[in-house]
Structures are given as C-alpha cells and as structure tokens.
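To keep things clear, I will list the structure first and then write my remarks on it.
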Amino acid sequence: MNVLVINAGSSSLKYQLLNPDTGELLAKGLCERIGIDGKFTYKPQLPGKEKLDAADVAMPTHSEAIKAVLDALVDPVNGVVASMKEIDAVGHRVVHGGEKFAASVVINDDVMRAIEECNPLAPLHNPANIIGIKACQALMPGVPMVAVFDTAFHQTMPPVAYTYALPYEYYEKDKVRRYGFHGTSHKYVAQRAADMLGKPIENLKLISCHLGNGSSVTAINGGKSVDTSMGFTPLAGVPMGTRSGDLDAGILEYLMNKYGMNITEMLTVLNKKSGVQGVSGVSSDFRDLGSAAAQGNKRAELAIDMFNYGVKKYIGAYAAAMGGVDAIIFTAGVGENDANQRMAIASGLEFMGVKMDEDANKVRGEERVISAADSKVKVLLIPTNEELMIAMDTASLVK
Ligand code: ADP
Numbered sequence: 058m059n060v061l062v063i064n065a066g067s068s069s070l071k072y073q074l075l076n077p078d079t080g081e082l083l084a085k086g087l088c089e090r091i092g093i094d095g096k097f098t099y100k101p102q103l104p105g106k107e108k109l110d111a112a113d114v115a116m117p118t119h120s121e122a123i124k125a126v127l128d129a130l131v132d133p134v135n136g137v138v139a140s141m142k143e144i145d146a147v148g149h150r151v152v153h154g155g156e157k158f159a160a161s162v163v164i165n166d167d168v169m170r171a172i173e174e175c176n177p178l179a180p181l182h183n184p185a186n187i188i189g190i191k192a193c194q195a196l197m198p199g200v201p202m203v204a205v206f207d208t209a210f211h212q213t214m215p216p217v218a219y220t221y222a223l224p225y226e227y228y229e230k231d232k233v234r235r236y237g238f239h240g241t242s243h244k245y246v247a248q249r250a251a252d253m254l255g256k257p258i259e260n261l262k263l264i265s266c267h268l269g270n271g272s273s274v275t276a277i278n279g280g281k282s283v284d285t286s287m288g289f290t291p292l293a294g295v296p297m298g299t300r301s302g303d304l305d306a307g308i309l310e311y312l313m314n315k316y317g318m319n320i321t322e323m324l325t326v327l328n329k330k331s332g333v334q335g336v337s338g339v340s341s342d343f344r345d346l347g348s349a350a351a352q353g354n355k356r357a358e359l360a361i362d363m364f365n366y367g368v369k370k371y372i373g374a375y376a377a378a379m380g381g382v383d384a385i386i387f388t389a390g391v392g393e394n395d396a397n398q399r400m401a402i403a404s405g406l407e408f409m410g411v412k413m414d415e416d417a418n419k420v421r422g423e424e425r426v427i428s429a430a431d432s433k434v435k436v437l438l439i440p441t442n443e444e445l446m447i448a449m450d451t452a453s454l455v456k
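Residues in the sequence shown are numbered from 58 upward in steps of one, following our numbering.
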C-alpha cells in the first residue's frame with residue numbers, strides 16, 4: 058500500500074509518497090509560496106525519473122498545490138505510480154490535537170470539527186493543516202484520510218507532569234496545561250530504540266532528545282510519554298535556535314516596562330530573537346555556531362554550552378522522574394549530525410551509568426549504539442522519520 062503524507066503550512070506544503078510496510082520512499086517534495094505565486098519541487102526516488110526544482114506552478118490556494126503533487130505522482134513519464142488508485146490513503150500532520158486526541162484518527166466530519174476546536178491552541182498551524190485536509194478531500198474523494206497529531210503521543214503524561222502551578226481554573230476552563238510537541242518523532246525513535254535493543258518497549262525507560270532548530274526532550278516509560286520539555290506551546294524547554302526555552306516569567310514584565318514593548322513584541326523576542334541566536338549574536342544554525350566557536354567567538358561557545366547544559370539537565374531530571382533510564386536517544390538535525398554536542402551532553406553522566414564510545418560516536422545520520430559496550434545506560438543515535446511514522450499510523454488505521 059502507498060500512503061501520501063501531507064504536512065501543510067500556511068504558505069507551504071511538504072509531501073512524501075511512501076510504502077509504510079517496506080518503508081520505501083517513492084517521491085517527496087514541497088510546494089512553496091502558495092497564495093503568492095507558487096514554486097513546485099518534486100523528487101522522485103525511482104531510477105530514471107526526473108526531478109523538478111522550484112518550478113513555477115501557479116498556486117493561488119492549497120488546492121492547486123495538491124493538484125500539482127498528484128499530477129506529478131501519476132505523470133506518465135516521471136510519475137512513480139500508474140494512477141490515483143495506487144494512492145491508498147493520506148496521512149496529514151496536524152500540530153495540535155489538544156486533549157481531544159491521544160492517538161491518530163481517521164478523519165470524518167466530527168474529527169474535522171474537533172480539530173477546528175483546537176485552533177486557538179495553535180493559531181498559526183492548525184488552520185493551515187485544516188486547509189490542507191480540505192483541499193485533499195476535494196481532490197481525492199473516497200480516499201481515506203488520517204490525522205496524526207504532534208501532541209497525541211504526550212497525552213499519556215500524568216497530571217503531575219502536565220499541570221502548571223497556576224490557579225486551577227485556567228486548566229479546567231481554558232485548557233492551559235503542558236501538551237508537548239514533536240510527539241510523532243519521539244514515538245518513532247522510541248519504537249526503533251526498542252527494536253535496536255531487542256526488548257519490549259513496555260519494559261524500557263527511555264529519554265529521547267529531539268535536537269534540531271526546535272528541540273524537545275521526552276521521558277518515555279513503558280512506551281508512554283510521561284513528561285516532555287515543551288509545554289503549552291513549543292516555546293518551553295531547552296534553549297533552541299531562536300526560542301528562549303524555559304525562563305522566569307518575571308523577566309517579561311521587567312523588559313516590557315523598560316523598553317515599552319507590548320506582549321506581541323515581547324513574544325517575538327522570545328520566539329524569534331532568543332535561543333542560541335540571541336545569546337551568540339551569530340546564528341541560529343549550530344553549524345555556524347560551531348565554526349564561530351572554533352574561531353574563538355566566546356558568545357557562540359557560551360550559546361552551544363548553554364544548549365548542551367540545558368539538555369543534560371533534562372536528562373538528569375527525567376532519569377529522576379522515571380527512577381532510572383535504560384537508553385538515551387539522540388535524533389533530529391543536531392542530534393543526528395553533531396558528534397561534539399552529543400559527547401558534551403552525555404559526558405559527566407558517568408555517575409548514572411552513561412559511558413560513551415568516542416569512535417562509535419563519530420558518525421552522522423546512522424542508526425547505531427554510540428555508548429561503550431559496558432555502559433549501563435545505552436546511548437543511541439536514531440535518525441527520526443516523522444513521515445514514515447505518519448504513514449505507518451495511517452496504514453494501521455485504514456487497513
Ligand atoms: P527543524 O526540523 O526543527 O527545523 P532540524 O531537525 O532540521 O530542524 O535541525 C536543524 C539544525 O540541525 C540546524 O541548527 C543545523 O545547524 C543542525 N545541523 C544539521 N546538520 C548538521 C551538522 N552536520 N552538524 C551540526 N549541526 C547540524
């Protein structure tokens with residue numbers, strides 16, 4: 058079976074066509090500048106097929122974008138399937154499922170309404186996800202569609218982990234609580250970790266570190282998320298590319314008064330101008346920071362150190378929360394590629410049974426054990442694959 062995975066944003070849309078049973082990727086690409094002019098990228102993965110790179114295709118709405126995707130996939134010359142009949146289902150990434158969705162779900166009218174009710178929790182993302190679903194439904198009548206939520210995996214967190222120490226009515230009335238994000242990624246790497254360790258996931262205590270532009274650390278006990286570093290929004294947790302991560306809310310009042318900022322301006326600072334970008338003044342990209350630090354830039358070095366220290370503290374906290382840990386997982390852009398940062402994060406954790414293997418760690422983007430043979434806690438590098446996870450969830454629900 059083939060599943061089309063759609064990740065729709067407000068002006069862009071990423072897609073992949075893959076076979077969830079074999080993991081084979083048939084094609085991927087993206088539509089950009091939707092509603093402006095329209096650029097279409099198509100990367101077929103079968104031999105002899107030609108790709109398109111940011112080709113001009115008019116995309117006044119998401120409908121034309123999805124039409125371009127479907128046309129490319131079934132194109133007689135460069136397509137990867139013979140007809141639309143070979144696209145069995147569509148899996149849609151949806152950012153926020155609130156407390157309504159603890160798992161992926163087949164989309165029907167009730168589900169659409171429930172997703173719409175979550176819009177206030179993710180005003181930038183959910184409405185775009187919904188537009189993508191509606192455009193697909195119109196062009197692919199009768200094809201089953203599934204919604205896969207970034208928040209769903211974390212719905213197993215207990216109240217002690219998700220409740221903020223605020224007046225309780227803000228939770229009861231307004232649903233202000235920790236939700237957590239990157240759930241599809243944390244779920245995928247946790248399953249892969251259990252496979253790699255050859256143990257049932259029910260018997261494992263895992264800490265997964267999804268370290269990219271946005272980063273989150275999750276405690277996974279028996280296959281269930283029991284705590285995660287992001288919160289009500291993806292602003293919380295470790296310092297990120299441009300996001301502050303956790304901070305003293307009292308700072309907001311102080312800075313807003315001092316600089317006459319309103320709350321929107323303050324949040325722009327916290328979301329777009331903070332994190333390792335803000336501290337270093339160099340870049341939000343860890344590769345740039347690494348080069349700058351190597352040339353003696355102290356603030357770039359401080360930013361990297363703060364990030365690593367932040368992740369290390371969450372690992373310690375979650376080991377304490379679970380009463381131990383069997384494996385620590387590194388994934389996403391930084392976690393998969395940066396051996397130095399993995400080493401910096403894991404070093405100093407020998408007291409709790411973590412011992413890295415320096416040579417094994419000298420690798421990029423490859424599934425492998427990077428701890429020493431006698432390390433009590435295994436350290437795993439696992440490239441994430443959110444699209445495959447979405448396709449697998451979709452297949453299991455529509456089969
Ligand atoms: P997101 O999906 O959150 O946008 P990614 O998971 O793609 O982010 O991660 C992007 C980050 O990964 C960037 O900060 C980039 O610097 C980092 N990264 C990618 N490749 C490397 C590399 N080879 N070495 C160090 N960092 C890398």
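Just so you know, even glycine gets a beta-carbon here, dropped at the ideal spot from N, CA and C.
**Asked** Is the CB-CB distance between ILE144 and LEU196 below 7 Å?
**Response** Residue numbering aside, residue 144 sits at position 87 when the sequence shown is read from its first letter. Residue numbering aside, residue 196 sits at position 139 when the sequence shown is read from its first letter. Cβ distance not < 7 Å, so ILE144 and LEU196 don't count as in contact.
**Item:** Every unbroken beta strand (DSSP E) within the segment 185 to 254, with a cutoff of 3 residues, ordered by chain
**Value:** 202 to 206
**Asked** According to the neighbour-count rule (16 or more other Cβ atoms, all chains shown, within 10 Å of its Cβ), is THR79 buried or exposed?
**Response** Numbered from 1 along the sequence shown, position 22 holds the residue referred to as residue 79. So THR79 counts as exposed.
**Identity of the residues DSSP links to LEU61 by a beta bridge** = Indexing the sequence shown from 1 puts residue 61 at position 4. Looking at the DSSP assignment, LEU61 forms a beta bridge with LEU74 and VAL147.
**Message:** Suppose contacts are defined by Cβ-Cβ distances below 7 Å. Is VAL131 in contact with SER140 by that definition?
**Reply:** Indexing the sequence shown from 1 puts residue 131 at position 74. Indexing the sequence shown from 1 puts residue 140 at position 83. Taking 7 Å as the Cβ cut-off, VAL131 and SER140 qualify as a contacting pair.
**Message:** Taking the alpha carbon of TYR236 as the reference point, which residue from SER69, MET214 and PRO257 has its own alpha carbon closest?
**Reply:** The count along the sequence shown starts at 1 and reaches residue 236 at position 179. That would be MET214, whose Cα lies nearest to the Cα of TYR236.
**Prompt:** For the ligand SAM, is there a heavy atom less than 6 Å away from the beta-carbon of GLY86?
**Reply:** By its list of ligands, the structure shown excludes the ligand SAM, since it contains just the ligand ADP.
**Prompt:** Given a threshold of 16 other Cβ atoms within 10 Å of its Cβ, counted over all protein chains shown, does TYR72 qualify as buried or as exposed?
**Reply:** Sequence index remark: in the sequence shown, residue 72 carries index 15 (1-based). Burial call: buried.
**Asked** In the DSSP assignment, what are the bridge partners of SER273?
**Response** Within the sequence shown, numbered from 1, the residue matching residue 273 stands at position 216. Beta-bridge pairing links SER273 to HIS267.
**Message:** Using only Cβ atoms and a threshold of 5 Å, which residues come within that distance of a heavy atom of the ligand ADP? Order them by chain position.
**Reply:** GLY269, ASN270, GLY271, ASP342, PHE343, ARG344, ALA389, GLY390, VAL391, ASN394 and ASP395
**Asked** Would you call the segment 304 to 311 and the segment 257 to 277 touching, i.e. three or more CB-CB distances under 8 Å?
**Response** no
**Item:** Integer-rounded CB distance, given that MET379 should sit under 8 Å from ASN278
**Value:** Residue 278 sits at position 221 when you count from the first residue of the sequence shown. Residue 379 sits at position 322 when you count from the first residue of the sequence shown. Yes, ASN278 and MET379 are in contact; Cβ-Cβ is about 5 Å, under 8 Å.
**Asked** Expressed to the nearest angstrom, what Euclidean distance is found between the alpha-carbon atoms of LYS329 and PRO117?
**Response** Along the sequence shown, read from residue 1 onward, the residue named residue 329 stands at position 272. Along the sequence shown, read from residue 1 onward, the residue named residue 117 stands at position 60. Roughly 28 Å separates the two Cα atoms.
**Message:** Do LYS435 and SER506 have their beta-carbon atoms positioned less than 7 Å apart in this structure?
**Reply:** What is shown of the chain runs 58 to 456, which leaves residue 506 out entirely.
**Prompt:** What first and last residue would you give for the alpha helix (DSSP H) that runs through ALA374?
**Reply:** Residue numbering aside, residue 374 sits at position 317 when the sequence shown is read from its first letter. From DSSP, the alpha helix (DSSP H) with ALA374 extends over 355 to 379.
**Asked** What residues in its chain sit with their C-beta under 6 Å from that of ALA401, if we drop five residues either side in the sequence?
**Response** As a first step, residue 401 must be located in the sequence shown, where it is residue number 344. Excluding sequence neighbours, ALA401 sits near ASN365.
**Message:** Please report the distance separating the alpha-carbon of HIS267 from that of TYR245.
**Reply:** Taking the sequence shown and counting its residues from 1, one reaches residue 267 at position 210. Taking the sequence shown and counting its residues from 1, one reaches residue 245 at position 188. Distance between the alpha carbons of HIS267 and TYR245: 11 Å.
**Message:** Within a Cβ cutoff of 6 Å, which residues of the same chain sit near SER242, ignoring the five residues on either side of it in sequence?
**Reply:** Numbered from 1 along the sequence shown, position 185 holds the residue referred to as residue 242. Hits under 6 Å: HIS267, THR441 and GLU443.
**Message:** Extract the residue ranges of the beta strand (DSSP E) inside the segment 90 to 143, only unbroken runs of 3 or more that lie entirely within it.
**Reply:** 96 to 101 and 109 to 113
**Message:** Quick check on LEU312: does DSSP put it in helix, strand or coil?
**Reply:** Position 255 of the sequence shown, counted from the first residue, corresponds to residue 312. The answer is helix: DSSP assigns LEU312 an H, G or I state.
**Asked** By how many angstroms is the C-alpha of GLY353 removed from the C-alpha of ALA159?
**Response** Mapped onto the sequence shown, residue 159 falls at position 102. Mapped onto the sequence shown, residue 353 falls at position 296. Their backbone Cα atoms lie some 47 Å apart in a straight line.
**Message:** My parser needs the alpha helix (DSSP H) runs of 4 or more residues fully inside the segment 314 to 345; what are they?
**Reply:** 320 to 329 and 332 to 337
**Beta-carbon contacts of VAL382 that lie in its chain and below 6 Å, excluding the five residues immediately before and after** = Position 325 of the sequence shown, counted from the first residue, corresponds to residue 382. For VAL382, where only same-chain residues beyond five positions count, the Cβ hits under 6 Å are LYS262, ILE264, ALA376 and VAL434.
**Prompt:** When you compare only the Cα positions, how much space is there between SER341 and ILE361?
**Reply:** Numbered from 1 along the sequence shown, position 284 holds the residue referred to as residue 341. Numbered from 1 along the sequence shown, position 304 holds the residue referred to as residue 361. Roughly 10 Å separates the two Cα atoms.
**Request:** Tell me whether the beta-carbon of GLY332 lies closer than 7 Å to the beta-carbon of GLY298.
**Result:** Indexing the sequence shown from 1 puts residue 332 at position 275. Indexing the sequence shown from 1 puts residue 298 at position 241. It is a contact, given that the beta carbons lie within the stated cut-off.
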